[in-house]
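Engineer: Respectively, the protein sequence lines represent chains L and W.
Here the first sequence is numbered in UniProt numbering, starting from 1 and rising by one per residue.
Here the second sequence is numbered in UniProt numbering, starting from 1 and rising by one per residue.
Every residue gets a Cβ at the ideal spot worked out from N, C-alpha and C, and that includes glycine.
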Amino acid sequence: MAEAQNLPAGSTTAGSIAVAAESTVATRMSAPPSFDVADFPVPHGREEEWRFTPLERLRGLHDGTAIATGDGVRVDVEAPEGVTVETVGRDDERLGRAGTPVDRVAAQAYSSFEKASVVTVPKETALTEPIRISVHGQGGTAFGHQVVELGAFAEAVVVIDHTGDAVLAANVDYVLGDGAKLTVVSIQDWDEKAVHVAQHNALIGRDASFKSVVVTFGGDVVRLHPRVTYAATGGEAELFGLYFTDKGQHQEHRLLVDHNTPHCKSNVAYKGALQGDQAHAVWIGDVLIQAAAEGTDTYEMNRNLVLTDGARVDSVPNLEIETGEIAGAGHASATGRFDDEQLFYLMARGIPEIEARRLVVRGFFAELVQQIGLPDVEERLITKIEAELEASL
Amino acid sequence: MATLEIRDLHVSVEADNATKEILKGVDLTVKQGETHAIMGPNGSGKSTLAYSLAGHPKYTITGGTVTLDGEDVLEMSVDERARAGLFLAMQYPVEIPGVSVSNFLRTSATAVRGEAPKLRTWVKEVKEAMQRLNMDPAFAERNVNEGFSGGEKKRHEILQLELLRPKIAILDETDSGLDVDALRIVSEGVNRVRESGDVGTLLITHYTRILRYIKPDHVHVFAGGRIVESGGPELADKLEAEGYESYTKGGASA
Numbered sequence: 001m002a003e004a005q006n007l008p009a010g011s012t013t014a015g016s017i018a019v020a021a022e023s024t025v026a027t028r029m030s031a032p033p034s035f036d037v038a039d040f041p042v043p044h045g046r047e048e049e050w051r052f053t054p055l056e057r058l059r060g061l062h063d064g065t066a067i068a069t070g071d072g073v074r075v076d077v078e079a080p081e082g083v084t085v086e087t088v089g090r091d092d093e094r095l096g097r098a099g100t101p102v103d104r105v106a107a108q109a110y111s112s113f114e115k116a117s118v119v120t121v122p123k124e125t126a127l128t129e130p131i132r133i134s135v136h137g138q139g140g141t142a143f144g145h146q147v148v149e150l151g152a153f154a155e156a157v158v159v160i161d162h163t164g165d166a167v168l169a170a171n172v173d174y175v176l177g178d179g180a181k182l183t184v185v186s187i188q189d190w191d192e193k194a195v196h197v198a199q200h201n202a203l204i205g206r207d208a209s210f211k212s213v214v215v216t217f218g219g220d221v222v223r224l225h226p227r228v229t230y231a232a233t234g235g236e237a238e239l240f241g242l243y244f245t246d247k248g249q250h251q252e253h254r255l256l257v258d259h260n261t262p263h264c265k266s267n268v269a270y271k272g273a274l275q276g277d278q279a280h281a282v283w284i285g286d287v288l289i290q291a292a293a294e295g296t297d298t299y300e301m302n303r304n305l306v307l308t309d310g311a312r313v314d315s316v317p318n319l320e321i322e323t324g325e326i327a328g329a330g331h332a333s334a335t336g337r338f339d340d341e342q343l344f345y346l347m348a349r350g351i352p353e354i355e356a357r358r359l360v361v362r363g364f365f366a367e368l369v370q371q372i373g374l375p376d377v378e379e380r381l382i383t384k385i386e387a388e389l390e391a392s393l
Numbered sequence: 001m002a003t004l005e006i007r008d009l010h011v012s013v014e015a016d017n018a019t020k021e022i023l024k025g026v027d028l029t030v031k032q033g034e035t036h037a038i039m040g041p042n043g044s045g046k047s048t049l050a051y052s053l054a055g056h057p058k059y060t061i062t063g064g065t066v067t068l069d070g071e072d073v074l075e076m077s078v079d080e081r082a083r084a085g086l087f088l089a090m091q092y093p094v095e096i097p098g099v100s101v102s103n104f105l106r107t108s109a110t111a112v113r114g115e116a117p118k119l120r121t122w123v124k125e126v127k128e129a130m131q132r133l134n135m136d137p138a139f140a141e142r143n144v145n146e147g148f149s150g151g152e153k154k155r156h157e158i159l160q161l162e163l164l165r166p167k168i169a170i171l172d173e174t175d176s177g178l179d180v181d182a183l184r185i186v187s188e189g190v191n192r193v194r195e196s197g198d199v200g201t202l203l204i205t206h207y208t209r210i211l212r213y214i215k216p217d218h219v220h221v222f223a224g225g226r227i228v229e230s231g232g233p234e235l236a237d238k239l240e241a242e243g244y245e246s247y248t249k250g251g252a253s254a
């Protein structure tokens with residue numbers, strides 16, 4: 001595959017490093033983080049954090065004209081025994097602890113939601129069955145807030161499934177106690193008109209590990225902002241993502257891993273396939289290693305496979321390092337076309353064109369899908385990928 | 001008996017907004033069981049012949065015919081040619097990330113044979129073929145050509161040749177970049193397929209070295225986009241002694 005390595009992407013640095021004088025991750029945002037929507041000006045589209053997003057398709061989420069309707073989304077939580085599921089009011093003190101909204105839509109969501117859902121796994125409880133949260137769009141507009149909290153040494157898998165049609169802005173908080181292990185799979189399998197903008201905040205306790213798998217297939221506009229910070233040393237974050245961007249869709253994943261604490265790890269791997277006219281995928285991967293975060297080990301990677309003409313990818317890895325005392329840091333971004341030479345090679349072995357394309361796309365995603373570790377989710381993803389391909393070939 | 005017939009083949013490529021004719025009237029008949037060596041200097045069009053026969057989209061056929069048992073090869077798509085019994089062992093096999101060798105081989109064998117090979121016999125068949133080529137079983141789980149050494153790539157090509165059992169095999173500089181041991185192993189693989197008597201082989205090479213292991217019935221000298229001289233194995237000895245100079249200077253290719 002023809003790959004344009006985005007240097008210094010792909011390089012691994014350890015030891016001598018030029019130190020950034022000031023974090024552009026923080027300063028390039030047009031306003032500091034805030035829970036209040038009034039603290040953010042209405043974006044006009046030229047701001048760094050909005051420049052890739054089609055504001056006119058956000059259905060008013062960014063400018064205050066989107067109003068919650070009764071028929072927004074229906075949220076159902078299916079949880080194994082031992083898990084507490086609560087619906088709470090705005091004043092519940094457990095809300096908003098994992099992170100603060102960083103843009104106007106997230107702040108709008110925080111300022112507008114009426115009820116929040118709080119799912120708690122008590123300390124030292126290891127679940128054997130996943131917690132399943134279904135968010136089903138019913139055609140209206142909604143603002144949401146979801147909290148998933150794991151006590152110390154608790155272990156859980158959470159699958160959040162977004163389906164149907166909705167205009168949804170939301171914040172999701174993941175709070176991991178010391179030594180906790182949380183895997184979250186967020187699937188965006190929306191109908192084609194849906195608009196979904198959300199900020200995911202993970203706060204990782206001492207020696208805790210967090211694995212996020214973000215899977216985006218559907219929707220007109222999906223813009224997600226997974227963010228990770230560490231509450232204490234020894235935390236680990238793995239952020240995996242997979243998207244299949246079709247004709248006319250805008251799918252944007254903006255990640256931030258804020259290494260603010262020594263001896264934490266992060267690994268980011270997002271892969272996307274695109275096909276069709278005006279298919280647009282955006283991947284922003286920000287990793288910040290603060291001066292205090294000695295012993296950090298981080299790697300981030302984004303790969304895109306462009307299957308047809310007319311699709312567009314913007315992939316921007318960004319690594320800022322304020323200390324040289326780290327274990328490792330690297331990033332890579334590559335966008336390749338489905339290569340005519342690969343196609344020729346496979347066809348020269350008798351494999352028909354459709355099957356050859358299927359083989360390559362399946363192969364492209366396979367490694368990532370295998371890291372999910374949930375057989376039913378894996379199977380569903382493979383089926384979905386096949387269906388997406390089927391539709392295009 | 002399968003026969004590949006190439007008649008007055010003309011092929012061009014587009015380069016720098018100009019059309020350049022590379023093959024200027026190639027005539028050749030390869031029958032099942034025969035081995036033809038095509039030898040020539042760099043740039044003479046040998047690889048173009050190989051890739052044109054396989055149907056690479058980069059090359060435009062501007063004249064002539066190619067038939068396999070009377071069927072018009074030039075009308076077939078790339079995969080149809082392979083299923084009809086043409087095989088091209090490539091000089092530079094491409095990497096296919098995420099596709100394992102075992103998955104690739106099985107998909108390919110299923111396509112060429114018209115049905116999925118029975119799993120039990122297939123596993124054994126692949127394992128034995130790999131053993132004969134001195135390939136580590138772990139090889140099957142690697143991605144196609146990804147991170148392969150030059151020798152591994154060529155062994156993998158010959159592995160496919162053994163498993164797909166084509167009527168006509170075109171080996172494009174399979175010997176290039178191989179050390180003596182690898183050359184011997186690869187040549188033994190080719191010879192096993194040849195000994196079956198079912199395959200016609202078109203061995204394209206720059207060097208005579210491989211002809212010590214794979215004995216051709218016919219040797220053709222390729223220069224200036226066509227065959228300029230044909231003979232028996234003795235022609236290779238002459239090339240070994242004299243090189244291509246007499247063919248590239250004026251006369252022969254004009």
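Under 7 Å Cβ-Cβ, which residues of chain L neighbour residue 83 of chain W?
Structural biologist: 350, listed in chain order.
Engineer: Does residue 108 of chain W have its Cβ less than 8 Å from a Cβ in chain L?
Structural biologist: yes
Engineer: With distances taken between CB atoms, is the gap from residue 117 of chain L to residue 161 of chain L smaller than 8 Å?
Structural biologist: no
Engineer: With a threshold of 8 Å, are at least 3 pairs of Cβ atoms found where one atom belongs to the region 198 to 209 of chain L and the other to the region 166 to 177 of chain L?
Structural biologist: yes
Engineer: Strictly below 9 Å CB to CB, what residues from chain L border residue 91 of chain W?
Structural biologist: In chain order: nothing, as chain L lies at least about 12 Å away.
Engineer: Assign residue 182 of chain L to buried or exposed, taking buried as 16 or more other Cβ atoms, counted over all protein chains shown, within 10 Å of its Cβ.
Structural biologist: Under this definition residue 182 of chain L is a buried residue.
Engineer: Quick one: Cα of residue 1 of chain W to Cα of residue 331 of chain L, how far?
Structural biologist: 57 Å
Engineer: Determine the direct distance from the alpha carbon of residue 131 of chain W to that of residue 162 of chain W, and round the result to whole angstroms.
Structural biologist: 12 Å
Engineer: Does any residue of chain W bring its CB to less than 8 Å from the CB of residue 359 of chain L?
Structural biologist: yes
Engineer: Can you grab the Cα-Cα spacing for the pair residue 179 of chain W / residue 129 of chain W, in whole Å?
Structural biologist: A straight line joining the alpha-carbon of residue 179 of chain W with that of residue 129 of chain W spans about 21 Å.
Engineer: Give the secondary structure of residue 111 of chain W by DSSP, where H, G and I count as helix, E and B as strand, and everything else as coil.
Structural biologist: helix
Engineer: What three-state label does DSSP hand residue 158 of chain W in the structure shown?
Structural biologist: Collapsing the DSSP output to three states places residue 158 of chain W in a helix.
Engineer: Say whether chain L places a C-beta atom closer than 8 Å to the C-beta of residue 111 of chain W.
Structural biologist: yes
Engineer: Cα separation between residue 241 of chain W and residue 207 of chain W?
Structural biologist: 12 Å
Engineer: I need the DSSP call for residue 39 of chain L, collapsed to helix, strand or coil.
Structural biologist: DSSP places residue 39 of chain L in helix when its eight states are reduced to three.
Engineer: I need the DSSP call for residue 303 of chain L, collapsed to helix, strand or coil.
Structural biologist: strand
Engineer: When you compare the CB positions of residue 227 of chain W and residue 221 of chain W, do they come within less than 8 Å of one another, or not?
Structural biologist: yes
Engineer: Scan the region 47 to 80 of chain W for residues whose Cβ lies nearer than 9 Å to a Cβ of chain L and list them as they occur along the chain.
Structural biologist: Of all residues in the region 47 to 80 of chain W, 51, 54, 55, 56, 57, 58, 77, 78, 79, 80 have a Cβ within less than 9 Å of some Cβ in chain L.
Engineer: Alpha carbon to alpha carbon, what distance is there between residue 87 of chain W and residue 3 of chain W?
Structural biologist: Roughly 14 Å between the two C-alpha positions.
Engineer: Residue 366 of chain L touches chain W at which residues, Cβ-Cβ below 8 Å?
Structural biologist: 98
Engineer: Measure the C-alpha to C-alpha separation of residue 139 of chain W and residue 105 of chain W and round it to an integer number of angstroms.
Structural biologist: Residue 139 of chain W and residue 105 of chain W: Cα-Cα distance of roughly 12 Å.
Engineer: Residues of the region 327 to 347 of chain L with a CB closer than 8 Å to any CB of chain W: list them in chain order, please.
Structural biologist: Going along the region 327 to 347 of chain L in chain order, one finds 339, 340, 341, 342, 344, 345, 346, 347 with a Cβ nearer than 8 Å to chain W.
Engineer: Can you find the residues in the same chain that come closer than 6 Å, C-beta to C-beta, to residue 318 of chain L, ignoring five residues on each side of it along the sequence?
Structural biologist: Cβ within range, chain order: 286.
Engineer: Hey, is residue 241 of chain L's beta-carbon within less than 8 Å of any beta-carbon in chain W?
Structural biologist: Using beta-carbon distances, residue 241 of chain L does not count as an interface residue toward chain W, since no partner is under 8 Å.
Engineer: Assuming the contact rule is C-beta atoms closer than 8 Å, residue 233 of chain L and residue 259 of chain L should be a hit. Round their C-beta distance to whole Å, please.
Structural biologist: Contact doesn't hold; Cβ gap of about 11 Å is too wide.
Engineer: Where in the region 119 to 145 of chain W do unbroken runs of the alpha helix (DSSP H), each at least 4 residues long, occur, reported from the N-terminal end onward?
Structural biologist: For the region 119 to 145 of chain W, whole alpha helix (DSSP H) runs of length 4 or above, ordered along the chain, are 119 to 132.
Engineer: Looking only at its chain, what residues have a beta carbon closer than 6 Å to the beta carbon of residue 117 of chain W, apart from the 5 residues adjacent to it on each side?
Structural biologist: For residue 117 of chain W, where only same-chain residues beyond five positions count, the Cβ hits under 6 Å are 109.
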